[in-house]
Amino acid sequence: MNPPAIRSRSDSGAYTAVASNTCGEVESAPAAVVIGDPTCPADFNNDGTVNSTDVSDFVNQWFQDQVDETLFTDWDNNGVINSTDVSTYINSWFEDTAAGCGG
Ligand SMILES: [Ca+2]
Ligand SMILES: [Ca+2]
Numbered sequence: 013m014n015p016p017a018i019r020s021r022s023d024s025g026a027y028t029a030v031a032s033n034t035c036g037e038v039e040s041a042p043a044a045v046v047i048g049d050p051t052c053p054a055d056f057n058n059d060g061t062v063n064s065t066d067v068s069d070f071v072n073q074w075f076q077d078q079v080d081e082t083l084f085t086d087w088d089n090n091g092v093i094n095s096t097d098v099s100t101y102i103n104s105w106f107e108d109t110a111a112g113c114g115g
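Converting from the sequence shown to my numbering requires adding 12 to each position, the first position being numbered 1.
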């Protein structure tokens with residue numbers, strides 16, 4: 013399944029790429045990668061601000077994850093979609109709005 017148009021979360025870190033063929037496998041040197049805006053992770057729809065639309069988009073995707081058995085709203089990154097992801101996301105949302113991520 014293709015990922016949703018909305019961003020499920022932001023992330024940053026050092027990543028490597030692995031290329032392989034019938035002759036073997038080679039791994040690149042680590043490179044710094046930033047996905048989304050890690051300062052405002054609750055900006056679920058990636059429009060640059062954290063507001064009520066992010067909550068509704070998150071909840072809609074959460075229900076869709078239940079149907080599709082996907083993990084786009086696995087906010088606590090434990091491999092399971094459940095109510096903890098909603099409460100964890102809401103906590104992130106409040107933290108982001110308090111930190112000035114709101115429009
Ligand atoms: Ca947003
Ligand atoms: Ca989870």
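Glycine is no exception: its CB is placed at the ideal position from the N, C-alpha and C atoms.
Cut-off 7 Å between Cβ atoms - residues of its own chain near A44, not counting five sequence neighbours on either side:
Cβ contact annotation for A44 (same chain, cutoff 7 Å, sequence separation greater than five): A26, in chain order.
**Request:** Mark C11 as exposed unless 16 or more other C-beta atoms lie within 10 angstroms of its C-beta, in which case mark it buried.
**Result:** What is shown of the chain runs 13 to 115, which leaves residue 11 out entirely.
G112 bridges to which residues according to DSSP? Its beta-bridge partners do not exist; DSSP assigns none.
Spatial distance of V30 from Q76 (CA atoms): Going from the Cα of V30 to the Cα of Q76 covers about 31 Å.
field: Lining residues of ligand 2 - beta-carbon closer than 5 Å to any non-hydrogen atom, in sequence order
entry: Cβ atoms closer than 5 Å to ligand 2 belong to D86, D88, N90, V92 and D97.
Review point. Is it true that the stretch 62-76 meets the stretch 89-103, where meeting means three or more beta-carbon pairs spaced less than 8 Å apart?
Key: As far as the Cβ criterion goes, the stretch 62-76 touches the stretch 89-103, which means the pair count is three or higher.
| said: Does V186 pass the burial test, meaning 16 or more other C-beta atoms within 10 Å, or should it be called exposed? | reply: The requested residue 186 is not part of the displayed model; the chain covers only 13 to 115.
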